[in-house]
Amino acid sequence: MMGYRVFDHTADLGIEVSGGTVAEVYAGAALALFDLIADATDVRAEEERAVGVDGADEADLLVNFL
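For the sequence shown, counting from 1, position 49 maps to 207 in this note's numbering; every step adds exactly one.
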């Protein structure tokens with residue numbers, strides 16, 4: 159099960175994401191970012207797309223994905 163929480167951070171905001179799989183963590187991070195930009199409660203998925211990104215390490219990969 160994925161989830162996230164937002165917390166205060168010196169730079170701006172922090173997001174802590176949890177999930178049972180790597181895919182759930184990425185989906186949770188994307189949802190958290192989207193929810194901070196817009197109200198995601200009334201948004202529903204109408205299509206699914208594959209996305210490809212590269213990164214030097216896992217943290218870089220997640221940042222590039224977002």
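Glycine included, C-beta positions come from ideal geometry on N, C-alpha and C.
Out of F192, D215, G210, point me to the one whose CA is closest to R202's CA. F192
Reference F221; option with closest CA among F165, D166, G161, V183: Position check: residue 221 holds Val in this sequence, whereas Phe was assumed. Among F165, D166, G161, V183, the Cα nearest to that of V221 belongs to V183.
Please list, in chain order, all residues of the same chain as S176 whose beta carbon is under 6 Å from its beta carbon, the five residues on each side excluded. G161
Which residue wins for smallest C-alpha separation from E206, given the options L219, A185, A169? A185
Drop a sphere of 10 angstroms on the beta-carbon of A196, count the other beta-carbons inside from all chains shown, and report buried for 16 or more, exposed for fewer. exposed
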